[in-house]
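Residue numbers (my numbering), protein chains in the order written: chain A, 1 to 293; chain B, 1001 to 1293. C-beta: ideal position from N, C-alpha, C; glycine also. Being a predicted model, the structure only gives us computed values, none of them experimental. Comments concern the structure below.
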């Protein structure tokens, strides 16, 4: 199953037979005080660096969240998307919990966007899915509902089933549904990652749907998080994860994803891997010659 | 199922509910000309550094191979094992393709050894298994036979079934059988790792047996091998691999294994992980203070 995203100039395909899709997560003011103040003052200039850093790190899609308290989020998100589309033709994942912001973002966006996200709550689905249908977008859906985050894979499957039915009812093709199987920190529950892996495996087996998740959640509260995240993604990919929302600036994690692409037959004969290796060697050689000069 | 190895002073348990067992692979003259010449001259002094490097890197068991052409391998292996047991109480994996060497090694070894290895060939099993039974050792078995290395997981399962029956026939408990599901390079076949992962999963599902493999094989002929090996092990562990023969000197790969332990619930609440992190911080602080002095 292929989830095809596009911008005014570029297409990105998420699929079980495609290299893993890295959704760069940095364009988000959460926990960034200075960036919040700038955005509140209408200054969007800091976005440019974030966009280029994510692209340089290896992002395939850019997640854009403008959730700044006490601002007009729909207007801000719309403005940010228009700006980013002048900077790059990378497809965008429009990220908000506010329906009006999603609407404004979808109206501003040129191309077929991914929307982040909807839950399995009836009320939320009835608000968000018509918008997805209207704009022909793709949607990330989380298998949690009014009762909270299900503790077992079986319960997550039940809510996923409900989401699949709602998506079909709204006339949205299943290839435009991307499930977030819910990644929780292993620091709070030693079984957390095993439950996520099992959910990924079952969703792939049953529906063949694409999946994404907030990869860094799994290591929340633990030391040396990048090493945990780098180990998690190959395991998740080998179970059927096809995408993740992650910070593409961390070299070790991106490298781990591209290594897993090769191992899982998604980079046949290692052509991407070898290109990457040569670029790294060239960059290193350039640096040595610069330092030597 | 627990494979319990021991030396004169220490016990190591391999199991699906245990932290991953790293079998240090460096004590092996293959491809090491200088080491071969030393061993041929009866000089075993280089072994000491290899032993300490593997232990420092995080090995749980030491693989010992003395396959030097034109030497009396049984005598050399026996001597090496006796020497190593004066240096450390880490359990040993006795590694040879020569039956007389395995016999000499088992006779010299104090404790319950792991033997590396036997294939599914009838003739080999009839030679090796009585020796394993006699010494109460554990054995690594490879599901290939006279016809070569099976291309599919299903064929590897058929030979594993044959091995399981032979082991039972010789009165060896199944917990002392460790299957090597065969890891081939993804550089020669883009499906190679997927086939290995599938074999691991099926063997765990059907028999719950412990498994080990030569982890670095998967990246043979490719650049930047340590990153590929580091990405492979968490995926293999998440499918049921409980051990690997690997070079414990490569920090990134050992770190990846210990991260996967935590992620898969084999290091509950991260106590090993946090200890490791603190030791690294202390080492770094010591280095900074040394450089500053």
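Closest Cβ-Cβ distance between residue i and chain A: below 7 Å?
{"i": "residue 1004 of chain B", "result": "no"}
{"i": "residue 1265 of chain B", "result": "yes"}
{"i": "residue 1181 of chain B", "result": "no"}
{"i": "residue 1227 of chain B", "result": "yes"}
{"i": "residue 1146 of chain B", "result": "no"}
{"i": "residue 1109 of chain B", "result": "no"}
{"i": "residue 1294 of chain B", "result": "This structure does not reach residue 1294 of chain B, given that chain B is present from 1001 up to 1293, and the question cannot be answered."}
{"i": "residue 1191 of chain B", "result": "yes"}
{"i": "residue 1277 of chain B", "result": "yes"}
{"i": "residue 1232 of chain B", "result": "yes"}
{"i": "residue 1223 of chain B", "result": "yes"}
{"i": "residue 1286 of chain B", "result": "no"}
{"i": "residue 1259 of chain B", "result": "yes"}
{"i": "residue 1007 of chain B", "result": "no"}
{"i": "residue 1097 of chain B", "result": "no"}
{"i": "residue 1045 of chain B", "result": "no"}
{"i": "residue 1238 of chain B", "result": "yes"}
Looking at residue j and residue i, is the spacing between their C-beta atoms short of 7 Å?
{"i": "residue 1198 of chain B", "j": "residue 1153 of chain B", "result": "yes"}
{"i": "residue 1081 of chain B", "j": "residue 1120 of chain B", "result": "no"}
{"i": "residue 1261 of chain B", "j": "residue 1025 of chain B", "result": "no"}
{"i": "residue 295 of chain A", "j": "residue 233 of chain A", "result": "Only positions 1 to 293 of chain A appear in the structure, and residue 295 of chain A is not among them; the question remains open."}
{"i": "residue 200 of chain A", "j": "residue 148 of chain A", "result": "no"}
{"i": "residue 211 of chain A", "j": "residue 181 of chain A", "result": "yes"}
{"i": "residue 1245 of chain B", "j": "residue 1063 of chain B", "result": "yes"}
{"i": "residue 91 of chain A", "j": "residue 61 of chain A", "result": "yes"}
{"i": "residue 123 of chain A", "j": "residue 1 of chain A", "result": "no"}
{"i": "residue 1215 of chain B", "j": "residue 1196 of chain B", "result": "no"}
{"i": "residue 105 of chain A", "j": "residue 76 of chain A", "result": "no"}
{"i": "residue 140 of chain A", "j": "residue 117 of chain A", "result": "yes"}
{"i": "residue 1095 of chain B", "j": "residue 1065 of chain B", "result": "yes"}
{"i": "residue 1111 of chain B", "j": "residue 1008 of chain B", "result": "yes"}
{"i": "residue 73 of chain A", "j": "residue 101 of chain A", "result": "yes"}
{"i": "residue 1228 of chain B", "j": "residue 1219 of chain B", "result": "yes"}
{"i": "residue 1033 of chain B", "j": "residue 1089 of chain B", "result": "no"}
{"i": "residue 103 of chain A", "j": "residue 131 of chain A", "result": "yes"}
Considering just the uninterrupted stretch of the alpha helix (DSSP H) at residue i, what are its terminal residues?
{"i": "residue 7 of chain A", "result": "Residue 7 of chain A -> no alpha helix (DSSP H), and no H or E assigned at all."}
{"i": "residue 1086 of chain B", "result": "1073 to 1087"}
{"i": "residue 1198 of chain B", "result": "1192 to 1207"}
Under DSSP, the beta strand (DSSP E) around residue i begins and ends at which residues?
{"i": "residue 178 of chain A", "result": "177 to 179"}
{"i": "residue 1011 of chain B", "result": "1011 to 1014"}
{"i": "residue 95 of chain A", "result": "92 to 95"}
{"i": "residue 171 of chain A", "result": "Note, residue 171 of chain A: premise wrong, no beta strand (DSSP E); not H, not E."}
{"i": "residue 1098 of chain B", "result": "Here residue 1098 of chain B belongs to no beta strand (DSSP E), and DSSP marks it neither H nor E."}
{"i": "residue 336 of chain A", "result": "For chain A, the structure presents residues 1 to 293; residue 336 of chain A sits outside this window and is missing."}
Within 7 Å of any Cβ in chain B, is that where the Cβ of residue i sits?
{"i": "residue 197 of chain A", "result": "yes"}
{"i": "residue 186 of chain A", "result": "yes"}
{"i": "residue 201 of chain A", "result": "no"}
{"i": "residue 213 of chain A", "result": "no"}
{"i": "residue 205 of chain A", "result": "no"}
{"i": "residue 194 of chain A", "result": "yes"}
{"i": "residue 256 of chain A", "result": "yes"}
{"i": "residue 20 of chain A", "result": "no"}
{"i": "residue 282 of chain A", "result": "no"}
{"i": "residue 102 of chain A", "result": "no"}
{"i": "residue 117 of chain A", "result": "no"}
{"i": "residue 270 of chain A", "result": "yes"}
{"i": "residue 216 of chain A", "result": "no"}
{"i": "residue 235 of chain A", "result": "yes"}
{"i": "residue 289 of chain A", "result": "no"}
Less than 6 Å between the CB of residue i and some heavy atom of the ligand PLP, yes or no?
{"i": "residue 1003 of chain B", "result": "As presented, the structure is devoid of all ligands, the ligand PLP included, so that no description of it is given."}
At which residue ranges does the segment 1029 to 1064 of chain B contain complete alpha helix (DSSP H) runs of 4 or more residues, listed in the order of the chain? 1033 to 1040, 1046 to 1057
What are the uninterrupted segments assigned as beta strand (DSSP E) that are 3 or more residues long and contained completely in the segment 102 to 158 of chain A, given in chain order? Look at the segment 102 to 158 of chain A and you find these whole runs of beta strand (DSSP E), each 3 residues long or longer: 114 to 119, 138 to 142.
Give the list of continuous alpha helix (DSSP H) stretches no shorter than 4 residues that lie fully inside the segment 1213 to 1286 of chain B. 1225 to 1239, 1251 to 1263
Flag this pair as touching only if the segment 1214 to 1225 of chain B and the segment 267 to 282 of chain A have three or more C-beta atom pairs under 8 Å; answer yes or no. yes
At a cut of 8 Å, does the segment 36 to 47 of chain A reach the segment 14 to 24 of chain A through at least three beta carbon pairs? With a cut-off of 8 Å, the segment 14 to 24 of chain A and the segment 36 to 47 of chain A do not count as touching, because too few Cβ pairs lie within range.
Check whether the segment 1069 to 1083 of chain B and the segment 263 to 270 of chain A are in contact - that is, three or more C-beta pairs closer than 8 Å. Counting C-beta pairs with one atom in each stretch, the segment 1069 to 1083 of chain B and the segment 263 to 270 of chain A have fewer than three that are closer than 8 Å, which means they do not touch.
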